[in-house]
Every structure is written in C-alpha cells, then in structure tokens.
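In our numbering, the protein residues as written are 53 to 268. Don't be surprised by glycine CBs; every beta carbon is placed ideally from N, CA and C. Reading through the structure tokens given below for one structure.
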Ligand SMILES: [Mg+2]
Ligand SMILES: [Zn+2]
C-alpha cells in the first residue's frame, strides 16, 4: 500500500525520467476517487469510524480484481493542510478502508493522497502542488510506480475536478451520481471544463461500463 506523503511530491519529476524499465507490460487501471465514489461523502473523515463504503463498492472493486485491472485510489485530503487531522489519522483511515474491503474479498493496488492546499495552513502542506486534483500528479505518479497504462485506464469520480484530472492524465473518465455527482451533473454540467466519457449511477455501474468496454 502506498500513501503519498507531501515530501514525496518532489520525486515525481525524478521518477518520470527514471531509466528504470519494467519487465512486465503496463496494465490498465481504474483510478477511484475516495469520498463520494468509493466511500460515502460525509465531509472530512477525521476518524476511521467515519469511513463508510458505498453499498456496492466492494463488489465493484472485486470485479476489477478478478479482471486483472489495477485499482488505485486517488484522493484530495486537504484536511491535512488545513490542520483538521494528521497524516497518522489519514493512515488509520486508509487502514480501515483496506480492512473493510478485505472483509469482502476486495483489494486495492495503491492509495495516493494529496495532502496539500494552495493557500490554507502552513508549509510543507501549504503549497501549489502538481497532485491536487484537477491536476493529474497522483495518477502520473501511480502509473510510473505501479506500471500502469494510462491510455487503457479509467478514472471514476463524483466531481468535475476528477473528470479533469483523468483527462489531463490521458485516461477516460466516468462521473458517478453518488456523493456530489448528482448535484454536479444536474446543476453544474454546463460548467464542466471536460465532459465525462460516461455517467453512471454508482461505482458498480461505472465498473460494468469499464469491463463491457474492454470486451473485443
Ligand atoms: Mg469525491
Ligand atoms: Zn498535492
């Protein structure tokens, strides 16, 4: 399990130019936004007990696991920059996420979090970073570290900023109508800088679309 810590962001450029070559072919991934997509949108998750999977999320992740598609969470957690919770709390929340999924036979290949905010809090968390969605840094970093083929990958999220991050990284994108999704799509869709490739009721519907699209 990989959690992006703030100081790691500096290594992104270095990694992108690394001469390291993987022996296995890059594989497709589904990048999942966390709050409102994989888990219930409940505001800042400042305690593991606040974390709740959406009803059909574990099944969605399990289907991707069975299809050999990497499942990578990409999440903005500016609550850290704002001082609402610590990196230790975030790690505990993500341990709870992994555990809840494991109880249902579902596994993540990675969790990447942006803990920054451009104007709130203090350095090192207060910074203009390349990983806060809608920027694509979390996806690009995961692709290098996990050997992912972005052109055969999909991002699933509940906000316009997720869709934009997917496009910027070269993936397809699916907007789910859970979390903020219904409101964003019903009232804000005209102001989406990038339109999603598909709109799905929830994560499981999004995964159905992804898997259907991969059949020959
Ligand atoms: Mg979200
Ligand atoms: Zn960041």
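Status (buried if at least 16 other CB within 10 Å, exposed otherwise) for residue i
{"i": "residue 128", "result": "buried"}
{"i": "residue 174", "result": "exposed"}
{"i": "residue 66", "result": "With a pLDDT of only 46 at residue 66, under the threshold of 50, the placement of this residue in the model should not be trusted; the figure read from the coordinates follows. So residue 66 counts as exposed."}
{"i": "residue 112", "result": "buried"}
{"i": "residue 233", "result": "buried"}
{"i": "residue 155", "result": "exposed"}
{"i": "residue 88", "result": "buried"}
{"i": "residue 248", "result": "buried"}
{"i": "residue 231", "result": "buried"}
{"i": "residue 94", "result": "exposed"}
Euclidean distance between Cα positions of residue i and residue j
{"i": "residue 207", "j": "residue 251", "result": "12 angstroms"}
{"i": "residue 238", "j": "residue 139", "result": "35 angstroms"}
{"i": "residue 96", "j": "residue 170", "result": "18 angstroms"}
{"i": "residue 162", "j": "residue 240", "result": "31 angstroms"}
{"i": "residue 198", "j": "residue 123", "result": "11 angstroms"}
{"i": "residue 98", "j": "residue 195", "result": "28 angstroms"}
{"i": "residue 184", "j": "residue 159", "result": "24 angstroms"}
{"i": "residue 132", "j": "residue 257", "result": "31 angstroms"}
{"i": "residue 242", "j": "residue 135", "result": "34 angstroms"}
{"i": "residue 177", "j": "residue 167", "result": "6 angstroms"}
{"i": "residue 255", "j": "residue 108", "result": "7 angstroms"}
{"i": "residue 81", "j": "residue 226", "result": "13 angstroms"}
{"i": "residue 260", "j": "residue 213", "result": "22 angstroms"}
{"i": "residue 151", "j": "residue 216", "result": "30 angstroms"}
{"i": "residue 110", "j": "residue 157", "result": "8 angstroms"}
{"i": "residue 85", "j": "residue 209", "result": "5 angstroms"}
{"i": "residue 118", "j": "residue 263", "result": "11 angstroms"}
{"i": "residue 164", "j": "residue 125", "result": "6 angstroms"}
{"i": "residue 76", "j": "residue 106", "result": "33 angstroms"}
{"i": "residue 92", "j": "residue 235", "result": "15 angstroms"}
{"i": "residue 203", "j": "residue 224", "result": "8 angstroms"}
{"i": "residue 137", "j": "residue 121", "result": "32 angstroms"}
{"i": "residue 100", "j": "residue 153", "result": "14 angstroms"}
{"i": "residue 253", "j": "residue 145", "result": "25 angstroms"}
Contact test: residue i Cβ vs ligand 2 heavy atom, cutoff 7 angstroms
{"i": "residue 184", "result": "yes"}
{"i": "residue 168", "result": "yes"}
Heavy atom of ligand 1 within 7 angstroms of residue i beta-carbon
{"i": "residue 211", "result": "yes"}
{"i": "residue 93", "result": "yes"}
{"i": "residue 85", "result": "yes"}
{"i": "residue 89", "result": "yes"}
{"i": "residue 264", "result": "no"}
{"i": "residue 232", "result": "yes"}
Quick one: any contact between the segment 188–200 and the segment 216–231, if contact means 3 or more CB pairs under 8 angstroms? yes
As an exercise, report each continuous alpha helix (DSSP H) stretch of at least 4 residues that is fully enclosed by the segment 225–260, in chain order. 233–240
Please specify which runs of the alpha helix (DSSP H), each continuous and at least 4 residues long, are wholly inside the segment 138–175, giving them in chain order. 139–154
Which ranges would you report for the alpha helix (DSSP H) in the segment 81–115 if only whole runs of at least 4 residues count? none
Whole runs of the beta strand (DSSP E) within the segment 169–213, excluding any shorter than 3 residues: 206–209
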